[in-house]
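Colleague: Mind having a look at this structure? Questions to follow.
Protein chains in written order, with our numbering: chain A, 1 to 301; chain B, 302 to 602.
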């Protein structure tokens with residue numbers, strides 16, 4: 001999994017501070033998560049092959065998370081895209097996009113498929129043989145979801161030397177990779193673990209922005225390899241967090257600790273703070289492995 | 302009049318090429334003309350005091366001319382704006398904006414006043430004691446207007462020495478500035494031109510984007526000090542201009558010549574062209590005074 005942060009600041013885009021958008025590359029997919037104003041330019045700047053994006057996930061309908069979507073959809077049209085584009089987001093998003101396409105007489109030639117979300121329970125919204133994506137219901141001022149991206153188990157790694165030594169017919173190699181025991185040329189049962197080892201570990205990533213401190217998400221995100229959790233405030237403005245339904249860095253760390261995640265990535269910083277290191281410092285008092293999202297930063301999970 | 306080009310490229314925003322937006326400063330007004338995606342960041346970059354914008358003019362509902370509007374409106378809200386904001390644009394624009402404000406539960410605290418346009422005749426859409434703004438009906442793929450900004454005549458300049466020598470009471474000075482003849486202390490009629498000279502000349506600016514070659518606009522824009530006319534193509538793609546309802550640099554120059562304008566400013570270049578000087582060269586074969594719009598460029602009219 002490779003996570004590219006295109007923007008990680010709250011509220012309004014500024015010259016060197018872009019609003020929320022991320023690209024997650026995993027098992028052949030290029031998932032776009034949120035799409036603040038100017039995302040298409042950031043995609044170009046960071047050389048993301050954005051015509052390969054087939055799935056866009058929008059957490060909620062505050063502008064700093066989706067105002068760039070209509071522009072990206074229009075640019076795809078101008079680039080004569082033909083591939084279907086799936087958009088997952090709150091009910092209402094389809095109306096916003098289609099009204100604008102209608103009034104500009106600019107219907108896309110490619111298929112635009114909206115998956116409008118309204119459930120307050122976690123649900124599976126995308127699945128293929130390699131990856132599953134679930135919603136993470138968040139608690140914010142408007143209907144909001146985070147998203148959990150889970151790779152499925154990789155195939156087992158075949159030890160060819162051992163398979164040959166055990167006189168297994170090559171026709172059975174696929175079955176071995178899938179974890180089955182097989183019969184060899186002499187009719188003996190060969191245990192899978194004698195001729196294979198574990199494949200690379202399946203990774204998982206949870207994106208949680210925007211939300212007030214909410215322990216209800218812990219069972220959904222437990223043990224993920226990386227958790228992006230919003231940290232709009234530091235503790236010195238802890239009173240603002242519940243009022244605006246945002247979190248502090250400390251609260252993000254508490255969630256990371258409860259969920260026993262591997263790494264916590266902080267983001268969605270308020271523009272009132274000039275030194276991002278303060279976010280890391282505050283979170284590290286609670287949880288050891290903390291990283292800071294920054295525009296253009298890449299995380300290899 | 303001071304014109305700041307924030308963006309002057311067609312179609313899609315790129316790293317160093319912004320879509321259409323301009324700020325016209327005239328007689329205490331800061332008019333925003335079109336508002337492509339990312340305009341709020343360009344306003345910051347070029348240090349425009351954008352909280353002073355009270356009137357926004359949107360030519361048409363293609364994304365490269367208005368996708369930045371909802372973001373700017375939202376940012377004004379976050380900056381706790383209280384001043385009314387007037388928006389002039391095609392019918393439908395109000396629906397687009399209000400749907401998004403509704404779904405994000407982010408109604409503005411300041412008053413948002415839409416002036417939806419649907420006439421195909423030139424009409425006066427704004428007027429105060431210093432400036433008038435008229436629409437310029439353009440011929441494009443969707444309903445489109447250009448805008449004509451006309452300063453009203455400045456007051457006449459009073460020659461105090463001469464007024465005193467003619468024994469005019471100071472109570473009449475205001476009338477003199479307004480151009481009236483007055484009676485002096487001896488009861489003699491003093492001719493206005495004996496004690497005043499012309500004030501600074503009133504300027505005018507016409508913004509015409511996007512449009513196919515259309516001589517119908519000539520009577521409306523005749524003798525303006527500056528005409529911004531779109532030049533999406535060069536003559537080597539002259540066949541594309543009528544098909545897409547755009548113009549070539551040569552056609553823009555022909556309009557400038559027919560309208561006997563002072564200066565022609567070209568813009569709305571297609572990204573297929575790498576050398577903007579070619580636009581100037583082509584237009585200059587027809588019309589002498591040609592300037593190129595470029596992102597960040599300032600024109601003092």
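C-beta: ideal position from N, C-alpha, C; glycine also.
(1) So with Cβ pairs under 9 Å, would you call residue 13/A a contact of chain B?
(2) Using DSSP with H/G/I as helix, E/B as strand and the rest coil, what is residue 344/B?
(3) Return yes when the Cβ of residue 61/A is within less than 9 Å of the Cβ of residue 89/A, no when it is not.
(4) Going by beta carbon distance, what residues of the same chain come within less than 7 Å of residue 293/A, once the five residues before and after it are set aside?
(5) For residue 86/A, which beta-bridge partners are listed by DSSP?
(6) Which residues in the same chain as residue 46/A place their Cβ atom closer than 7 Å to its Cβ, once the five residues preceding and following it in sequence are excluded?
(7) Can you pull the chain B neighbours of residue 248/A, defined as C-beta to C-beta under 7 Å?
(8) By the criterion of Cβ-Cβ separation under 7 Å, what are the contact partners of residue 368/B in chain A?
(9) Jot down the residue ranges of each uninterrupted alpha helix (DSSP H) in the region 465-538 of chain B, minimum 4 residues, whole runs only, in chain order.
(10) Between the beta-carbon of residue 451/B and the beta-carbon of residue 503/B, is there less than 9 Å?
(11) Is residue 605/B near residue 515/B, with beta carbons less than 9 Å apart?
(12) Alpha carbon to alpha carbon, how far is residue 29/A from residue 49/A? Give it in angstroms, no decimals.
(13) State the start and end residues of the unbroken beta strand (DSSP E) segment that holds residue 34/A.
(14) Which of the three DSSP states is assigned to residue 395/B in this structure?
(15) Assuming contact is defined by CB atoms lying nearer than 9 Å, are residue 104/A and residue 74/A in contact in what I supplied?
(16) Starting from the beta carbon of residue 95/A, find every residue of chain B whose beta carbon is closer than 9 Å, and list them in chain order.
(17) Name, please, each residue of chain A whose Cβ falls closer than 8 Å to the Cβ of residue 362/B.
(18) Whose Cβ in chain B lies nearer than 7 Å to the Cβ of residue 74/A?
(19) Determine the direct distance from the alpha carbon of residue 284/A to that of residue 413/B, and round the result to whole angstroms.
(20) Between the alpha carbons of residue 258/A and residue 290/A, how many angstroms are there, rounded?
(21) Can you give the beta carbon distance from residue 195/A to residue 158/A, rounded, assuming they're within the 8 Å contact cut?
(22) With a threshold of 6 Å on Cβ separation, who are the neighbours of residue 86/A within its own chain once the five nearest residues in sequence on each side are excluded?
(23) Using a Cβ cut-off of 8 Å, which residues of the region 18-45 of chain A contact any Cβ in chain B, in chain order?
(24) May I ask you to report which of helix, strand or coil DSSP gives residue 13/A?
(25) Please decide whether residue 391/B counts as near chain A, where near means a Cβ-Cβ distance under 9 Å.
(26) Check this for me: beta carbons of residue 261/B and residue 439/B, under 9 Å apart or not?
(27) For residue 199/A, I'd like the list of residues in its chain whose CB is within less than 6 Å of its CB, leaving aside the five on either flank, ordered along the chain.
(28) Counting only beta-carbon atoms, is residue 379/B nearer than 9 Å to chain A?
(29) Report yes if the C-beta distance between residue 371/B and residue 67/A is below 9 Å; otherwise report no.
(30) Using a Cβ cut-off of 9 Å (strictly closer), state whether residue 513/B contacts chain A.
(31) Kindly indicate if chain A contains any beta-carbon less than 9 Å away from that of residue 382/B.
(32) Which value, in whole angstroms, describes the spacing of the CA atoms of residue 481/B and residue 492/B?
(33) So which residues on chain A does residue 457/B lean against when the C-beta distance must stay under 7 Å?
(34) Within 10 angstroms of its Cβ, does residue 578/B collect 16 or more other Cβ (buried), or is it exposed?
(35) Considering only the alpha carbon of each residue, which of 12/A, 129/A, 136/A lies closest to residue 218/A?
(36) Whose C-alpha, out of 561/B, 327/B, 509/B, 507/B, is nearest the C-alpha of residue 431/B?
Modeller: For this structure:
(1) Yes - at least one Cβ of chain B is within 9 Å of the one on residue 13/A.
(2) If DSSP states are grouped into helix, strand and coil, residue 344/B belongs with the helices.
(3) Yes.
(4) Only 5, 8, 228, 265, 266, 267 meet the Cβ criterion.
(5) Residue pairing by DSSP places residue 86/A opposite 55/A, 113/A in a beta bridge.
(6) Counting only residues of its own chain and dropping the five nearest sequence neighbours on each side, residue 46/A has a CB closer than 7 Å to the CB of 4, 6, 296.
(7) Listed by position along chain B, the residues whose Cβ is nearer than 7 Å to that of residue 248/A form an empty set, because the closest Cβ is around 20 Å away.
(8) Close partners of residue 368/B in chain A (Cβ separation under 7 Å): 70, 71.
(9) Taken in chain order, the whole alpha helix (DSSP H) runs of length 4 or more contained in the region 465-538 of chain B are 474-478, 493-496, 519-522.
(10) With respect to the 9 Å criterion, residue 451/B and residue 503/B are classified as neighbours on the basis of their beta carbons.
(11) There is no way to answer for residue 605/B, as the model of chain B reaches only from 302 to 602.
(12) When rounded, the distance between both Cα atoms is 11 Å.
(13) Boundaries of the beta strand (DSSP E) around residue 34/A: 29-35.
(14) In the three-state reduction of the DSSP assignment, residue 395/B falls in the helix class, which pools H, G and I.
(15) Against a cut-off of 9 Å, the Cβ pair of residue 74/A and residue 104/A comes out as a contact.
(16) Going along chain B in sequence order, the residues near residue 95/A (Cβ under 9 Å) are 400, 404.
(17) From the beta-carbon of residue 362/B, the residues of chain A found nearer than 8 Å are 100, 103, 104.
(18) The contacting residues are 364.
(19) Approximately 45 Å, taken between the alpha carbons.
(20) Straight-line Cα distance between these residues: approximately 14 Å.
(21) The pair is a contact, with the Cβ atoms about 7 Å apart (cut-off 8 Å).
(22) Closer than 6 Å at the Cβ level, and outside the excluded window around residue 86/A, lie 55, 113.
(23) Correct list: 37, 38, 40, 41, 44, 45.
(24) DSSP, reduced to helix, strand and coil, places residue 13/A outside both helices and strands of the structure shown, so it counts as coil.
(25) It does; some Cβ of chain A falls within 9 Å.
(26) The requested residue 261/B does not occur in the structure, where chain B is confined to residues 302 to 602.
(27) 154, 155, 156, 157, listed in sequence order.
(28) With 9 Å as the cut-off, residue 379/B counts as an interface residue toward chain A.
(29) Contact check for residue 371/B against residue 67/A passes: the beta carbons are separated by less than 9 Å.
(30) At a cut-off of 9 Å between beta-carbon atoms, residue 513/B makes no contact with chain A.
(31) Closer than 9 Å: no.
(32) Each residue's alpha carbon lies about 8 Å from the other.
(33) Per Cβ cutoff of 7 Å: no residues; residue 457/B is ~44 Å from chain A at best.
(34) Of the other Cβ atoms in all chains shown, fewer than 16 fall within 10 Å of the Cβ of residue 578/B; this residue is therefore exposed.
(35) When the alpha-carbon of residue 218/A is set against those of 12/A, 129/A, 136/A, the nearest one is in 136/A.
(36) Checking every option, the nearest Cα to that of residue 431/B belongs to 327/B.
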